[in-house]
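Here is the structure we will look at.
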Amino acid sequence: MRLSISEPRDDKVSPKVGAVLWLKGEVQTASRGELRYGDHAEFTLLERKNRERALDGGILFATLEPCAPGARNHPKLSCAERIVNARIKKVYIGIEDDDPTVARKGIQYLENHGVEWELFDRDLQEVILKENEDFFKWARAQAGKETEEEKPVQLSPLESRAEHYSIDDFSVEALEYYREKAAIPEARNDERFLRRLLQQNLLEKQGKNYEPTQLGILTFAEEPRRSISQAGLLATVRGCPTGR
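Just so it is clear: in the sequence shown, position 132 is 132 by UniProt numbering, and no numbers are missing.
In structure tokens:
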């Protein structure tokens, strides 16, 4: 990721992206712009370094969500399409891309075509965010220019806003437990902490306010079953010493 080479342009901030391919015990790496300005890390790895090789069942690690169909100018294929075409089995994704031409669309494309995916652990995401601070600032500005018709991609109904709930319905104890276990330094009412929850789709931003999603209610609410009846766990325990 840190070896990425940004192309000289004024209209867009280029992200620092690295990719790693694991196949049959062999590891290969690539970074954005490694062989040519503008070439994505995934393209360099799959098409430039392994063009004549079958990559079926390989596992790909990419520090940023692969670009989605339509993000590249015709006739170029997106990285998500190239991953599917290469029959990659699973993709570990560093962090979702805030750029509205990609935002979750790359993940959705992989999911729709049977490619398994998983996000990096939070400690690694923090490194990616720090290295790409300028890019994410630019991408969020672009996301703010979206029209009403360009709604964010939802991968689950649980990512929709929880009607009639506010962040005050979150359990303080649950939030503090999360902060402690994740070693998060910011206070729970700090804008940076709320931004974390937003990135994890636990909150949704409505104007200047943060509103909980169904996923947020399921994770942190005092009484999640009020909104999601399936949140409860019922069990029958047999063989207890008391006989009950």
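C-beta: ideal position from N, C-alpha, C; glycine also.
This one's a predicted model, so the numbers in the text were calculated from it and none came from an experiment.
- C-alpha of Pro75 to C-alpha of Glu47: approximately 15 Å in a straight line.
- Counting along the chain, the unbroken alpha helix (DSSP H) around Thr219 starts and ends at 214-220.
- With respect to the C-alpha of Leu35, the residue from Glu211, Gly18, Trp22, Glu26 having the closest C-alpha is Gly18.
- Residue pairing for Gly18: DSSP places it in a beta bridge opposite Ser31.
- Pairing Pro212 with Leu203 gives a Cβ-Cβ distance under 8 Å.
- In the structure shown, the three-state DSSP call for Ala62 is strand.
- The beta-bridge partner set that DSSP reports for Gln230 is empty.
- Bridge partners of Glu116 according to DSSP: Lys90.
- The residues Ala71, in chain order, have a CB closer than 6 Å to that of Thr101 in the same chain once the five nearest residues on each side in sequence are set aside.
- Rounded to the nearest whole angstrom, the C-alpha separation of Trp22 and Gly58 is 6 Å.
- Between Ile128 and Thr63, the gap from beta carbon to beta carbon is short of 8 Å.
- Counting of Cβ neighbours within 10 angstroms places Thr236 among the exposed residues, the total staying below 16.
- Residue pairing by DSSP places Leu23 opposite Glu26 in a beta bridge.
- The continuous beta strand (DSSP E) containing Leu203 extends over residues 203-206.
- A check of alpha carbon separations from Ala174 across Leu218, Tyr92, Asp121 identifies Leu218 as the nearest.
- In this structure, the CA atom of Tyr210 is about 45 Å from the CA atom of Lys24.
- Taking the C-beta atoms as reference points, Ile88 is found no nearer than 8 Å to Phe120.
- Checking the DSSP bridge columns, you'll see Arg161 partnered with Thr213.
- Per DSSP, Glu126 is one residue of the alpha helix (DSSP H) stretching across 122-131.
- Selection Lys49, His40, Glu118 evaluated against Glu81 yields His40 as nearest (Cα-Cα).
- For Phe135, same chain residues with a beta-carbon under 8 Å away, outside a window of 5 residues either side, are Val13, Ser14, Pro15, Lys16 in chain order.
- Only exposed fits Lys130, as fewer than 16 other CB atoms lie within 10 angstroms of its CB.
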